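Working notes, structure below.
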Ligand code: 13P
Ligand code: ZN
Ligand code: NA
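In UniProt numbering, the protein residues as written are 3 to 285.
Here you go:
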């Protein structure tokens with residue numbers, strides 16, 4: 003069965019590793035990350051943004067995730083990533099999602115709390131875990147775009163208040179990562195992360211982990227991150243491999259042929275990210 007992220011994140015927190023949350027878009031990408039997790043005996047969070055839910059259909063996503071979960075004893079969660087619309091979140095929980103991020107990080111503090119509370123009140127009735135964000139990540143995640151001027155780091159003091167007031171199960175922190183690729187090497191505010199960890203006792207989530215050097219991701223995990231979100235680093239090699247295939251085979255039309263190199267390229271990077279998270283052989 004599809005699980006919430008409750009147990010898997012608490013185990014990761016206790017044992018000081020992180021569960022990878024990989025963004026998928028369709029059956030092929032879901033198969034790749036599930037196979038990688040199964041091969042390496044890693045817990046897995048399958049993540050879908052609002053535009054993925056719209057593209058792939060929530061019932062298809064749940065059915066595919068259930069099929070994946072049936073094939074293994076490893077914990078697999080299916081998670082709503084960066085959702086802003088509460089009606090959509092409720093509909094996806096009704097459809098079988100058991101983990102949701104309500105991203106009201108654009109709103110002022112009190113409004114953010116009110117929106118998140120509405121989601122936790124509903125989600126917890128269905129044993130669904132809730133992630134929320136305080137602070138704002140710069141960059142673009144599908145249709146969600148935040149420019150530099152609007153970005154803000156998480157305030158540790160407010161974070162503690164936010165967790166208490168909302169009843170969330172995990173907290174996404176803004177400490178210098180960004181969605182997508184970076185211009186140089188990202189500067190992460192590890193002191194801030196330490197401070198947040200000292201004041202907040204629930205699992206902490208790192209967004210924007212693509213293009214962050216492995217050592218920095220591992221340092222963030224050592225300082226308390228227990229969920230690492232990766233989208234872009236999986237998407238690019240998939241697309242590049244498919245492009246390369248079409249360049250070499252311009253008349254190709256069989257999806258089973260042209261999707262396969264994409265899947266293989268993505269599988270390698272998924273396995274690598276699992277190792278960086280330290281989630282290999284935890285079950
Ligand atoms: P990246 O695209 O930088 O990996 O960010 C992923 C993310 O935060 C998904 O929520
Ligand atoms: Zn994100
Ligand atoms: Na990134």
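Quick reminder that beta carbons are idealized off the backbone N, C-alpha and C, glycines included.
Keep in mind it's a predicted model, so treat the numbers as computed, not measured.
(message) Is residue 186 a contact residue of the ligand NA, with contact defined as CB to any heavy atom under 7 angstroms?
(response) Not so, every heavy atom of the ligand NA lies at least 7 angstroms from the Cβ.
(request) Would you kindly report the start and end of the unbroken beta strand (DSSP E) that includes residue 230? (result) Residue 230 -> beta strand (DSSP E) spans 227 to 232.
(message) Considering only their Cβ atoms, is the gap separating residue 156 from residue 180 smaller than 8 angstroms?
(response) Result no, Cβ atoms of residue 180 and residue 156 do not sit closer than 8 angstroms.
(request) Measure from the alpha carbon of residue 106 to the alpha carbon of each residue in 46, 20, 120, then state which is nearest. (result) Closest by alpha carbon: 120.
(request) Identify every run of the beta strand (DSSP E) within the segment 85 to 117, keeping only runs that are complete inside it and at least 3 residues long; order them along the chain. (result) Listed in chain order, the beta strand (DSSP E) elements of length 3 or more contained wholly in the segment 85 to 117 are 101 to 104.
(request) Look up residue 142 in the DSSP assignment and give the residues it is bridged to. (result) Residue 142 is bridged to 147.
(request) Would you mind listing the alpha helix (DSSP H) stretches within the segment 19 to 61 that are 4+ residues and don't spill past its ends, in chain order? (result) For secondary structure counted as the alpha helix (DSSP H) over 4 or more consecutive residues, the segment 19 to 61 holds these complete runs in sequence order: 29 to 42, 52 to 58.
(message) Using 8 angstroms as the threshold, is the C-beta distance between residue 286 and residue 223 below it?
(response) There is simply no residue 286 to check, as the chain begins at 3 and stops at 285 in what is shown.
(message) Going by DSSP in three states, residue 278 sits in which element: helix, strand or coil?
(response) Three-state DSSP puts residue 278 in a helix.
(request) Identify whether residue 81 lies in helix, strand or coil by the three-state DSSP scheme. (result) Strand at residue 81.
(request) Using the Cα positions of residue 19 and residue 86, report the straight-line distance between them to the nearest angstrom. (result) Those two C-alpha atoms are separated by around 28 angstroms.
(request) Can you have a look at residue 283 and say buried or exposed, based on whether 16 or more other CB atoms are within 10 angstroms of its CB? (result) Exposed, because fewer than 16 other Cβ atoms sit within 10 Å of the Cβ of residue 283.
(message) On the criterion of 16 or more Cβ atoms from any shown chain inside 10 Å, does residue 253 qualify as buried, or is it exposed?
(response) Flag for residue 253 reads exposed.
(request) Leaving out five residues on either side along the sequence, give the residues of the same chain with a beta carbon under 8 angstroms from the beta carbon of residue 68. (result) Around residue 68: 3, 4, 98.
(message) Within 10 Å of its beta-carbon, does residue 75 have 16 or more other beta-carbons around it, so buried, or fewer, so exposed?
(response) By the neighbour-count criterion, in which a residue is buried when 16 or more other Cβ atoms sit within 10 angstroms of its Cβ, residue 75 is exposed.
(message) Taking the alpha-carbon of residue 91 as reference, which of 225, 174, 56 has the nearest alpha-carbon?
(response) Residue 56 is the option with its Cα nearest to residue 91.
(message) When you measure from the CB of residue 231 to every non-hydrogen atom of the ligand ZN, does any distance come out below 7 angstroms?
(response) Result yes, Cβ under 7 angstroms from the ligand ZN.
(request) Check the DSSP bridge columns for residue 288 and list the partner residues they point to. (result) With the chain covering 3 to 285 only, the question about residue 288 has no answer from this structure.
(message) Just to confirm my understanding: we take residue 46, look at its own chain, exclude 5 residues before and 5 after, and list those with CB closer than 6 angstroms. What are they?
(response) Answer for residue 46: 39, 78, listed in chain order.
(message) At a threshold of 7 angstroms, does residue 54 count as lining the ligand 13P (C-beta to nearest heavy atom)?
(response) No, Cβ of residue 54 sits at least 7 angstroms from all heavy atoms of the ligand 13P.
(message) Tell me the DSSP secondary structure of residue 64 in three-state form.
(response) For residue 64, the three-state secondary structure derived from DSSP is helix.
(message) Looking at the ligand NA, does it come within less than 7 angstroms of residue 181, judged from the CB to the closest heavy atom?
(response) For the ligand NA, at least one heavy atom lies less than 7 angstroms from the Cβ of residue 181.
(request) Confirm, please, whether the CB-CB distance from residue 136 to residue 148 is below 8 angstroms. (result) No, Cβ-Cβ distance for residue 148 and residue 136 is not below 8 angstroms.
(message) Can you tell me which residues form a DSSP beta bridge with residue 181?
(response) 141, per the DSSP bridge assignment.
(request) Note down, in chain order, each residue of its chain lying with its Cβ closer than 7 angstroms to the Cβ of residue 34, except the 5 sequence neighbours on either side. (result) 265, 268, 269, 272.
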